[in-house]
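Going by my numbering, the sequence shown opens with residue 729, and the numbers climb by one from there.
Idealized CB from N, CA, C, for every residue including glycine.
Right, one structure below, let's go through it.
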Amino acid sequence: KLCEGILNILEKDTKTSCQVACLEALRILSRDKKVLVPVTTKRNMQILMRLAKLDNVEDPLERESEFPVIVEALKCLCNIIFNSSVAQKLSLELNLAAMLCNLLQKCKDQRFVDDIKCFDLRLLFLLSLLHTDIRSQLRQELQGVQVLTQALESSLSVRWTEEYKAAEDRDRPPLSLQETDCAIEALKALFNVTLDSWNVHSKNESHQFRYMAAILRHCLLTTGPTEDKTEELH
Numbered sequence: 729k730l731c732e733g734i735l736n737i738l739e740k741d742t743k744t745s746c747q748v749a750c751l752e753a754l755r756i757l758s759r760d761k762k763v764l765v766p767v768t769t770k771r772n773m774q775i776l777m778r779l780a781k782l783d784n785v786e787d788p789l790e791r792e793s794e795f796p797v798i799v800e801a802l803k804c805l806c807n808i809i810f811n812s813s814v815a816q817k818l819s820l821e822l823n824l825a826a827m828l829c830n831l832l833q834k835c836k837d838q839r840f841v842d843d844i845k846c847f848d849l850r851l852l853f854l855l856s857l858l859h860t861d862i863r864s865q866l867r868q869e870l871q872g873v874q875v876l877t878q879a880l881e882s883s884l885s886v887r888w889t890e891e892y893k894a895a896e897d898r899d900r901p902p903l904s905l906q907e908t909d910c911a912i913e914a915l916k917a918l919f920n921v922t923l924d925s926w927n928v929h930s931k932n933e934s935h936q937f938r939y940m941a942a943i944l945r946h947c948l949l950t951t952g953p954t955e956d957k958t959e960e961l962h
């Protein structure tokens, strides 16, 4: 009942501070699988997707005041999808993976969106881990390898000297914590999406995998903000 009450409030146009507080409470409650059973419905998933800016393909990320709401809504969706097989099935029906790829594209060349990008990537990782049909959809329909590789390239701030050779800058500072976390989530999602990709058939696929290999090499030469984070990244 508490979760339903929170979602009923979130369905209305309330103040940003109220939305964030409600989403924070829902995120904590959504760790309990028993609590999720009555609230994992198409309607409730759509409420969270709307708050995460996943319902409107054309709507740009312009209002920074809304960014905390987007992040908390993505965190809630991460918990719900991880803990609920019903939510995993609804994700395919609601075309969630396509909307996440679209949101990821909106994050390109935007400021203050690292947290949005990170939890978008985490949700793509969870979907590709828990639902084989979504994994296939990402690979075959949504150009997931390209989208995720570009996200990884952006997180690592790769500069190119040749088509498949990244610049090596031994004096570059370590990645920030946010950059490292984004890169790690992108790597995890990429692993899932490319898991069954042993046979590369097309010229475009060959280019994509050579491009990804160059970025992965660059990743191994990159350090994170701490020794533990660098180890996790590698």
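Buried versus exposed, by CB contacts within 10 Å (16 or more), residue i
{"i": "residue 962", "result": "exposed"}
{"i": "residue 816", "result": "buried"}
{"i": "residue 730", "result": "exposed"}
{"i": "residue 800", "result": "buried"}
{"i": "residue 756", "result": "exposed"}
{"i": "residue 868", "result": "exposed"}
{"i": "residue 942", "result": "buried"}
{"i": "residue 742", "result": "exposed"}
{"i": "residue 948", "result": "exposed"}
{"i": "residue 819", "result": "buried"}
Residue i, DSSP secondary structure in three states
{"i": "residue 893", "result": "strand"}
{"i": "residue 935", "result": "helix"}
{"i": "residue 949", "result": "coil"}
{"i": "residue 778", "result": "helix"}
{"i": "residue 771", "result": "helix"}
{"i": "residue 760", "result": "coil"}
{"i": "residue 840", "result": "coil"}
{"i": "residue 748", "result": "helix"}
{"i": "residue 845", "result": "helix"}
{"i": "residue 956", "result": "helix"}
Other residues of its chain near residue i: CB distance less than 7 Å, five sequence neighbours each side excluded
{"i": "residue 908", "result": "952, 953, 957, 961"}
{"i": "residue 912", "result": "960, 961"}
{"i": "residue 914", "result": "849, 876, 879, 880, 883"}
{"i": "residue 745", "result": "none"}
{"i": "residue 767", "result": "731, 732, 735"}
{"i": "residue 752", "result": "800"}
{"i": "residue 813", "result": "none"}
Close beta carbons around residue i, own chain, < 8 Å, minus the five adjacent residues each side
{"i": "residue 759", "result": "807, 811"}
{"i": "residue 982", "result": "Lying outside 729 to 962, the shown extent of the chain, residue 982 is not represented and no answer is given."}
{"i": "residue 887", "result": "894, 895, 897"}
Neighbourhood of residue i by C-beta distance below 6 Å, restricted to the same chain and skipping five residues each side
{"i": "residue 777", "result": "783"}
{"i": "residue 918", "result": "876"}
Residue i CB to nearest heavy atom of the ligand GTP below 7 Å
{"i": "residue 956", "result": "Looking for the ligand GTP in the displayed structure turns up nothing, as the structure carries no ligands at all."}
Counting Cβ pairs closer than 8 Å, one from the segment 869-876 and one from the segment 915-923, do we hit at least three?
-> Touching, per the Cβ criterion.
Scan the segment 861-926 and note each continuous alpha helix (DSSP H) run of 4 residues or more that stays entirely inside, going in chain order.
-> Counting only runs that start and end inside the segment 861-926, the alpha helix (DSSP H) elements of at least 4 residues fall at 872-884, 905-921.
Which full runs of the alpha helix (DSSP H) of 4+ residues lie inside the segment 781-838, going along the chain?
-> Entirely contained in the segment 781-838, the alpha helix (DSSP H) runs reaching 4 residues are, in chain order, 795-811, 813-821, 824-834.
Is the segment 827-840 in contact with the segment 779-797, if contact means three or more CB pairs nearer than 8 Å?
-> yes
Can we say the segment 853-870 touches the segment 890-901, given the rule of at least three CB pairs closer than 8 Å?
-> no
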